[in-house]
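Read the structure below first, then the notes.
In the working numbering, the protein residues as written are 88 to 746.
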């Protein structure tokens, strides 16, 4: 392989096919301090030929407009997921530049850190994030040019003025494309070993880390995902294929979304760009009209759908609430169809049997929310509950599979096979990865556990090797961060000539060769009496409670028990409160002792059903009225808990409760 292949598009075979689509914003309506959007009813599509030509022109336009840019220089993309994000990435790769990625939710301080540490010469940003760049403009050390994406909104004049006052030149992306189309500048290939992406992780603690990912690593993971017999194929049929459709809405600054889009483009699939705010008719940015607007995903009608488990958790709660509101006889028939689907799932099937006519008819209406064409759902970034997996596979009548990987391993280290309905596992390693389980004596996870009759599987810390492993973390040579230097030293090891990344995750291998993620070294807390509580393990059980939207378990080694902080499912909680004679808004309900006691009783029952040990079951609960989100910086961009920040935010409640 050669580096230039990372940015190659299948023009010779797929030139006339639809490639990348956008849905225009027709109107922005202020409403209650937020913006609501009226969207175009259809998507506008570029063909592969048009897309490739635009990327080439943008690359040439960048090189011409910013003469100081040279091969291996970094251009940071700081924008929400959209078509111009990927166009900018392809344009940079065509000229041999490194694409730096920073989460759109990282905020001014995190963005400033990444931009300065990367030493980037230019930043591509959308209008919303120009405001944040403007705040940091006087502190940006190497940036002299900003490329503004036209995303349907006018760039804020005050932000442009602040950037220009700091000596930063503003370019419109569309202007660079137009200029580049007339330029004589030709593409410059990168070598396979050179860096393609400098990806800043949002991180649950400390400054974001810049992960160095080569062209070779990206290509090897893409090749493994598309190989015959890979996880994304069944009976010789690939789910990622020419003419297939993908709805892009997850953060492109995250390795999972970037890998999926690169692989989709490589095979000639079409990618329609949406956003979390407009994904469904009830998404937060959708202007409510009569008739209601269709969500992005319903219009794109993807054949493969990728989601974080937190999204499917919400889907489960929302659909169950709709089913519960059906008249009695319909509700009975739907429940019977779900029960049949779960039974068929355990036998290797997909969906409810055809004789459950009423249930399947109602399921088809639900399937239309995602366009009605989904053949495969893949989740990553966190564990997917068995109940959720069975329910979603039944109702949406498509295979639902988990994947596992990290930024440091180019995402798709493992994906459960499409043919395998086993829950709670992430499948075998892909061809681009090899996995070793390293004994972790402190946590009690050993390879020798395979000889323990009660366990019967080797267990240990997951080490990942192979060509998909990154080249380490970026270290600023002028001001090396001791923590990052230590991570490069300690988190990458060579064993028997193979370089591995030490994930900190704990796994076990089933007799069938599937990897299961069972713990996280950082999430293990030793209680006062010496027992170890795996926080994430308990949290996965708490998610099965009807009152739980998002849980976090907290424990101290000086105490003999753990507690739970829970962002509740508002509908079921308010219904519970009414049944207990408690009134008031969500905040008042969350503080009521009778409600808290009832929720604690429910989660205790779920924990017992989940076969948790007595010391693992939270003995107290705090109900949190304000949902944790990336926007309030209590979750990462991929919706992982920021434990330290959550504890700090709720310290007063914890101190009052945890005594």
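All residues carry an ideal CB built from backbone N, CA and C; glycine is no exception.
- Under DSSP, residue 560 shares a beta bridge with 298.
- Rounded to the nearest whole angstrom, the CA to CA distance from residue 225 to residue 217 is 14 Å.
- Contact annotation: residue 437 and residue 282 have beta-carbon atoms that are not nearer than 9 Å.
- Within the DSSP secondary-structure output, residue 124 pairs in a beta bridge with 115, 373.
- With a cut-off of 8 Å on Cβ pairs, the segment 606-613 is in contact with the segment 520-535, counting three or more such pairs.
- Taken atom to atom, the span from the alpha-carbon of residue 632 to that of residue 699 is near 14 Å.
- A straight line joining the alpha-carbon of residue 256 with that of residue 239 spans about 21 Å.
- Beta-bridge pairing by DSSP links residue 357 to 332.
- In the DSSP assignment, residue 134 forms a beta bridge with 105.
- Residue 579: member of the beta strand (DSSP E) spanning 579-582, first to last residue.
- The beta carbon of residue 468 sits closer than 6 Å to the beta carbons of 395, 725 from its chain, once the five residues preceding and following it are set aside; these are given in chain order.
- Counted as a single uninterrupted DSSP element, the stretch harbouring residue 188 is not any alpha helix (DSSP H) but the beta strand (DSSP E) occupying residues 185-188.
- Following the DSSP letters along the chain, one finds residue 531 in no alpha helix (DSSP H), marked with neither H nor E.
- Between residue 628 and residue 694, the C-beta gap is smaller than 9 Å, which places the two residues in contact.
- If one requires a minimum length of 4 residues, no alpha helix (DSSP H) run lies completely within the segment 580-609.
- Between the beta-carbon of residue 355 and that of residue 135 there is about 7 Å, and that keeps the pair under the 8 Å contact cut.
- About 7 Å separates the Cβ atoms of residue 335 and residue 361, confirming a contact at the 8 Å cut-off.
- When Cβ pairs closer than 8 Å are counted between the two stretches, the segment 151-161 is seen to touch the segment 271-288, the count reaching three or more.
- For residue 707, the enclosing beta strand (DSSP E) begins and ends at 707-710.
- Scanning the segment 257-290 from its first residue to its last, the whole beta strand (DSSP E) runs of 3-plus residues come out as 282-287.
- Judged by DSSP secondary structure, residue 223 falls within the alpha helix (DSSP H) whose first and last residues are 214-223.
- The C-beta distance from residue 260 to residue 145 rounds to 7 Å, short enough to meet the 8 Å contact threshold.
- Looking only at 264, 550, 393, the smallest Cα-Cα distance to residue 502 is reached by 393.
- With a cutoff of 9 Å on beta-carbon distance, residue 132 and residue 166 are scored as not near each other.
- Exposure of residue 645 is indicated by the presence of fewer than 16 other C-beta atoms within 10 angstroms of its C-beta.
- Under the DSSP definition of a beta bridge, residue 321 partners with 324.
- Where residue 547 is concerned, the enclosing beta strand (DSSP E) starts and stops at 546-552.
- Ranking 659, 576, 739 by CA distance to the CA of residue 689 puts 659 first.
- Here the segment 303-322 makes contact with the segment 502-518; the two share three or more CB pairs at distances below 8 Å.
- Between residue 486 and residue 512, the C-beta gap is not smaller than 9 Å, which leaves the two residues out of contact.
- For residue 460, the closest alpha carbon among the candidates 391, 591, 740 is that of 391.
- The Cβ atoms of residue 222 and residue 202 do not sit closer than 9 Å to each other.
- Under a 10 Å Cβ-count criterion, residue 576 is classified as exposed, with fewer than 16 other Cβ atoms of the shown protein chains found around its own Cβ.
- Taking 9 Å as the cut-off, the beta carbon of residue 654 is found closer than this to the beta carbon of residue 714.
- Excluding the 5 residues flanking it on each side, residue 642 has same chain C-beta neighbours closer than 6 Å at 612, 620, 649, in chain order.
- The Cβ atoms of residue 703 and residue 721 do not sit closer than 9 Å to each other.
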